[in-house]
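Engineer: Heads up: the protein sequence lines correspond to chains A and B, in order.
Counting in my numbering, the first sequence tops out at residue 226, every number present.
Counting in my numbering, the second sequence tops out at residue 226, every number present.
This is the structure I have questions about; it appears just below.
Protein chains: 2
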Amino acid sequence: MDFSLSNGLAEQIAAYLEDRIIRLAIKPGERIREAVVAEELGVSRSPVREALRILENNHVVELTPRRGARVTVISETFISDLCDVLAELLGLAGSKCPANGTDEELAVIDEAAKRSWTCANNGNLEGQYKAVFDFGVACLKATKNQLLEQMVTELLPNLRRIIYATFSAMGDAIRTNADIVITGNNYVQQRNAAMAEKTVRDYTMRMRAYALENNTAAILFGTPLS
Amino acid sequence: MDFSLSNGLAEQIAAYLEDRIIRLAIKPGERIREAVVAEELGVSRSPVREALRILENNHVVELTPRRGARVTVISETFISDLCDVLAELLGLAGSKCPANGTDEELAVIDEAAKRSWTCANNGNLEGQYKAVFDFGVACLKATKNQLLEQMVTELLPNLRRIIYATFSAMGDAIRTNADIVITGNNYVQQRNAAMAEKTVRDYTMRMRAYALENNTAAILFGTPLS
DNA sequence: TTAGATTAAATTGTCGACAATCGACAAAAT
DNA sequence: ATTTTGTCGATTGTCGACAATTTAATCTAA
């Protein structure tokens, strides 16, 4: 793995670690030693250190002074807490983006929603997985609330961890989520703020149910996936 | 200013810088040079660097690669955005803490609310300022949603900046906020989730109105206070 | 005089080394 | 046998120096 000098090194290391954590190559609760990562990537400890601070912001690792970094454990209560927060934040986005989004931004949203639909029907789970995130990010951008965008963005890594684990366990059942994305998109396109918000909140709650039913928390303690 | 070795040095430096920013000793938009801070405090640049990462998480500085740190500018749109987000997050807290708080935790909340009331009536603005924050933090703790607590906590510095600037400009007008704290507290004590949530949301919106009416954004461009 | 290019200074990014601290294991005392 | 204390190893925290990059200042040309 080589690092382009253009973008911050710390950010790239953070992305690298985040990916390994999502794929469970580094397990929840596991310790991350700065020196190990540094040698593994052929860099100094300084940027690794900064990367860990970044991951701390994203709630992916916990940093305790003099005791180093630990991958956060995703318990059932954490999933529940996260979904409660997301319901509010995404609800706000759903409420504001129909009002504040330009026609072009709504077109981008529309594209992602439709792509998610076709991917779902083709059984392309990886594609749907990506499309749904694209849909959400596009909605956030259209909302024109930079703070909201930042705050949701810092929750995305853990959402990825959960969804990644969930759809690994569920197979194609997650496909049933596709219709709700379409519904939400329709309200956004109609610029119906109230219904868009409600749909997003429902979506979040449904996602929580999926994650808890399928024992995602247990998976996140288990062994590495593919 | 001496630093106790017990707690992380970076955290203490972050707190130091945060305080100076809140008091406008470092103005919005101003650049923060690592070397300057390092020498000012008699430490190396490494912990200063980490402190800046911490402040970035708290949305108090903006870090652009190779270009250093800049104190975030608090514009009117930022105040508006922040209040939108806070309304959701604090609303959630207001909704959950009546349900999840223990009797002891509710007692702590009650104390802070009453303290805020007496401070307001004695014209002790500094005390009321602190009591209101204590009230909020106690509610968050009682909510039993650690993630929510973390996320609101990282918004507090900017809330402090705004409120500090606002009540410097408003004098005692902010005292009128005291009644709404009492009202909210009553609902919490009665464990009335719906009304507690509504009250918190109203409170946030009222705060936004105060901040915007009093041109807090302009103050945050101005000269250092006392 | 102004615009652009070139050079010089200042500042951030990265590194390797040293110091401080914590956890585990062993030894001694109750 | 259990608890306490002491030492050792491993790991994080901090530092000063060097490299890379940006910002500014200066100089040249239109």
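C-beta atoms are modelled at their ideal positions from N, C-alpha and C, and glycine is treated no differently.
These numbers come from a predicted model, not from an experiment.
Exposed or buried, which one is B:Ser-226 when buried takes at least 16 other CB atoms within 10 Å?
Structural biologist: Your numbering for residue 226 of chain B matches position 226 in the second sequence. Here B:Ser-226 scores only 44 on pLDDT, less than 50, and its place in the model should not be relied on; the value that follows carries that caveat. Result: exposed.
Engineer: Given a cut-off of 8 angstroms on the beta-carbon distance, is the pair B:Arg-160 and B:Ile-180 in contact?
Structural biologist: Residue 160 of chain B sits at position 160 when you count from the first residue of the second sequence. Residue 180 of chain B sits at position 180 when you count from the first residue of the second sequence. Result no, Cβ atoms of B:Arg-160 and B:Ile-180 do not sit closer than 8 angstroms.
Engineer: I'd like to check one pair, B:Arg-45 with A:Arg-53: are the Cβ atoms closer than 8 angstroms?
Structural biologist: For the purposes of this step, residue 53 of chain A is identified with residue 53 of the first sequence, where counting begins at 1. For the purposes of this step, residue 45 of chain B is identified with residue 45 of the second sequence, where counting begins at 1. For A:Arg-53 and B:Arg-45, no; Cβs fall outside 8 angstroms.
Engineer: Which residue comes first and which comes last in the alpha helix (DSSP H) that contains A:Glu-149?
Structural biologist: Locating residue 149 of chain A in the first sequence gives position 149, counting from the first residue. Here the alpha helix (DSSP H) through A:Glu-149 covers 146-153.
Engineer: Leaving out five residues on either side along the sequence, give the residues of the same chain with a beta carbon under 6 angstroms from the beta carbon of B:Gly-91.
Structural biologist: Position 91 of the second sequence holds residue 91 of chain B. Here the set comprises Glu-197, Val-200, Arg-201.
Engineer: Where do the ends of the beta strand (DSSP E) carrying A:Ala-69 lie?
Structural biologist: The residue labelled residue 69 of chain A in the question sits at position 69 within the first sequence. Per DSSP, A:Ala-69 belongs to the beta strand (DSSP E) from 68-71.
Engineer: Is there at least one Cβ from chain A nearer than 8 angstroms to B:Met-151's Cβ?
Structural biologist: Position 151 of the second sequence holds residue 151 of chain B. So, interface residue.
Engineer: Who are the Cβ neighbours of B:Gly-94 in its own chain at under 6 angstroms, not counting the five residues just before and after it?
Structural biologist: Residue 94 of chain B sits at position 94 when you count from the first residue of the second sequence. If we look at B:Gly-94 and ignore the five residues flanking it on each side, its Cβ neighbours are Ala-196, Glu-197, Val-200.
Engineer: What does the Cβ neighbour count give for B:Val-132, buried or exposed, with the cut at 16 atoms within 10 Å?
Structural biologist: Numbered from 1 along the second sequence, position 132 holds the residue referred to as residue 132 of chain B. Burial call: buried.
Engineer: Note down, in chain order, all residues in the stretch 136-149 of chain B with a beta-carbon under 9 angstroms from any beta-carbon belonging to chain A.
Structural biologist: Those residues of the stretch 136-149 of chain B that come within reach of chain A (Cβ to Cβ, closer than 9 angstroms) are Lys-144, Asn-145, Gln-146, Leu-147, Leu-148.
Engineer: If you run the structure through DSSP and keep just helix, strand and coil, what is A:Arg-33?
Structural biologist: Numbered from its first residue, the first sequence carries residue 33 of chain A at position 33. Of the three classes helix, strand and coil, the one that applies to A:Arg-33 here is coil, per DSSP.
Engineer: Under the DSSP definition of a beta bridge, which residues are partnered with B:Glu-62?
Structural biologist: As a first step, residue 62 of chain B must be located in the second sequence, where it is residue number 62. In DSSP, B:Glu-62 forms a bridge with B:Arg-70.
Engineer: Report yes if the CB atom of B:Ala-193 is closer than 8 angstroms to the CB atom of B:Ala-99, and no otherwise.
Structural biologist: Taking the first residue of the second sequence as 1, we reach residue 193 of chain B at position 193. Taking the first residue of the second sequence as 1, we reach residue 99 of chain B at position 99. Yes; because the gap between Cβ atoms is below 8 angstroms, this pair is in contact.
Engineer: Given 8 angstroms as the limit, is there contact between the stretch 135-143 of chain A and the stretch 99-108 of chain A, that is, 3 or more CB pairs closer than that?
Structural biologist: Yes, since at least three Cβ pairs between the stretch 135-143 of chain A and the stretch 99-108 of chain A fall closer than 8 angstroms, the two stretches touch.
Engineer: Work out the CA separation of A:Ile-74 and A:Val-61 for me, nearest whole Å.
Structural biologist: Residue mapping note: residue 61 of chain A aligns to position 61 of the first sequence, counting from 1. Residue mapping note: residue 74 of chain A aligns to position 74 of the first sequence, counting from 1. The alpha-carbon atoms of A:Val-61 and A:Ile-74 are separated by roughly 11 angstroms.
Engineer: Quick one: which chain A residues come within Cβ less than 9 angstroms of B:Glu-18?
Structural biologist: For the purposes of this step, residue 18 of chain B is taken as the residue at position 18 of the second sequence. Neighbours of B:Glu-18 on chain A: none; closest Cβ ~16 angstroms, over 9 angstroms.
Engineer: Evaluate A:Asn-121 with the Cβ neighbour count: other Cβ atoms within 10 Å of its Cβ, from every protein chain shown; 16 or more gives buried, anything less gives exposed.
Structural biologist: Counting from one through the first sequence, the residue named residue 121 of chain A turns up at place 121. Classification of A:Asn-121: exposed, given that the 10 Å Cβ count is below 16.
Engineer: With a Cβ-Cβ cutoff of 8 angstroms, do A:Leu-9 and B:Val-85 count as a contact?
Structural biologist: If you number the first sequence from 1, residue 9 of chain A lands on position 9. If you number the second sequence from 1, residue 85 of chain B lands on position 85. Cβ atoms of A:Leu-9 and B:Val-85: not closer than 8 angstroms.
Engineer: Alpha carbon to alpha carbon, what distance is there between A:Ile-109 and A:Lys-144?
Structural biologist: The count along the first sequence starts at 1 and reaches residue 144 of chain A at position 144. The count along the first sequence starts at 1 and reaches residue 109 of chain A at position 109. When rounded, the distance between both Cα atoms is 14 angstroms.
Engineer: Taking only the alpha-carbon atoms, compute the straight-line gap between B:Ala-38 and A:Ile-79 and give it to the nearest angstrom.
Structural biologist: Reading the second sequence from its first residue, position 38 is the one you call residue 38 of chain B. Reading the first sequence from its first residue, position 79 is the one you call residue 79 of chain A. C-alpha separation (whole angstroms): 40 angstroms.
Engineer: Considering only residues of the same chain and omitting the five flanking positions on each side of B:Ala-211, which have a CB-CB separation below 6 angstroms?
Structural biologist: Position 211 of the second sequence, counted from the start, is the residue given in the question as residue 211 of chain B. Ile-79, Ile-162, Thr-166, listed in sequence order.
Engineer: Quick check: what's the CA-CA separation for B:Glu-11 versus A:Ala-209?
Structural biologist: In the second sequence, the residue the question calls residue 11 of chain B occupies position 11. In the first sequence, the residue the question calls residue 209 of chain A occupies position 209. Straight-line Cα distance between these residues: approximately 38 angstroms.
Engineer: Going by the beta-carbon positions, is the gap between A:Glu-34 and A:Val-48 smaller than 8 angstroms?
Structural biologist: As a working mapping, residue 34 of chain A is identified with position 34 in the first sequence. As a working mapping, residue 48 of chain A is identified with position 48 in the first sequence. A contact, by the Cβ cut-off of 8 angstroms.
Engineer: Short of 9 angstroms Cβ to Cβ, which residues in the stretch 66-97 of chain B face chain A?
Structural biologist: Against chain A - using a Cβ distance shorter than 9 angstroms - the residues of the stretch 66-97 of chain B are Arg-66, Thr-77, Phe-78, Ser-80, Asp-81, Leu-82, Asp-84, Val-85, Ala-87, Glu-88, Leu-89, Gly-91, Leu-92, Lys-96.
Engineer: Are there 16 or more other CB atoms within 10 angstroms of the CB of B:Thr-72, so buried, or fewer, so exposed?
Structural biologist: Counting from 1 along the second sequence, the entry for residue 72 of chain B is found at position 72. So B:Thr-72 counts as buried.
Engineer: Please determine, among A:Gln-128, A:Asn-158, A:Asn-57, A:Cys-97, the residue with the shortest C-alpha to C-alpha distance to A:Arg-23.
Structural biologist: Taking the first sequence and counting its residues from 1, the one referred to as residue 23 of chain A is at position 23. For A:Arg-23, the nearest C-alpha among the options comes from A:Asn-158.
Engineer: Since B:Leu-17 and B:Leu-55 should fall inside the 8 angstroms C-beta cutoff, what is the C-beta to C-beta distance between them, to a whole number of angstroms?
Structural biologist: The residue you call residue 17 of chain B lines up with position 17 of the second sequence. The residue you call residue 55 of chain B lines up with position 55 of the second sequence. Their Cβ separation, rounded to whole angstroms, is 6 angstroms, which keeps B:Leu-17 and B:Leu-55 in contact under 8 angstroms.
Engineer: Looking at chain A, is there any beta carbon in it that lies within less than 8 angstroms of the beta carbon of B:Arg-201?
Structural biologist: By 1-based counting over the second sequence, the position of residue 201 of chain B is 201. For B:Arg-201, the answer is no, since every Cβ of chain A falls outside 8 angstroms of its Cβ.
Engineer: List the residues of chain A that B:Glu-50 touches, going by C-beta distances under 7 angstroms, in chain order.
Structural biologist: The residue labelled residue 50 of chain B in the question sits at position 50 within the second sequence. Residues of chain A passing the Cβ test: Arg-53.
Engineer: For B:Thr-204, name the three-state secondary structure that DSSP assigns.
Structural biologist: Locating residue 204 of chain B in the second sequence gives position 204, where the first residue counts as 1. Of the three classes helix, strand and coil, the one that applies to B:Thr-204 here is helix, per DSSP.
Engineer: Identify the contact partners of B:Asn-57 in chain A, using a Cβ-Cβ distance below 7 angstroms as the criterion.
Structural biologist: By 1-based counting over the second sequence, the position of residue 57 of chain B is 57. Simply Asn-57.
Engineer: Ignore the nearest five residues each way along the sequence and tell me which others in B:Pro-28's own chain have a CB closer than 7 angstroms to its CB.
Structural biologist: Along the second sequence, read from residue 1 onward, the residue named residue 28 of chain B stands at position 28. For B:Pro-28, where only same-chain residues beyond five positions count, the Cβ hits under 7 angstroms are Val-71, Thr-72, Val-73, Ile-74, Leu-220, Phe-221.
Engineer: Where do the N-terminal and C-terminal ends of the alpha helix (DSSP H) with B:Ile-250 fall, by residue?
Structural biologist: Residue 250 of chain B is absent from the model: chain B starts at 1 and stops at 226.
Engineer: What residues in its chain sit with their C-beta under 6 angstroms from that of B:Tyr-203, if we drop five residues either side in the sequence?
Structural biologist: On the second sequence, position 203 is the one that residue 203 of chain B refers to. Excluding positions up to five away in sequence, the list reads Ile-180.
Engineer: Which two residues bound the contiguous alpha helix (DSSP H) that contains A:Arg-45?
Structural biologist: Sequence index remark: in the first sequence, residue 45 of chain A carries index 45 (1-based). Residues 45-57.
Engineer: Can you tell me whether DSSP reads A:Asn-158 as helix, strand or coil?
Structural biologist: Within the first sequence, residue 158 of chain A is the residue found at index 158, counting from 1. DSSP places A:Asn-158 in helix when its eight states are reduced to three.
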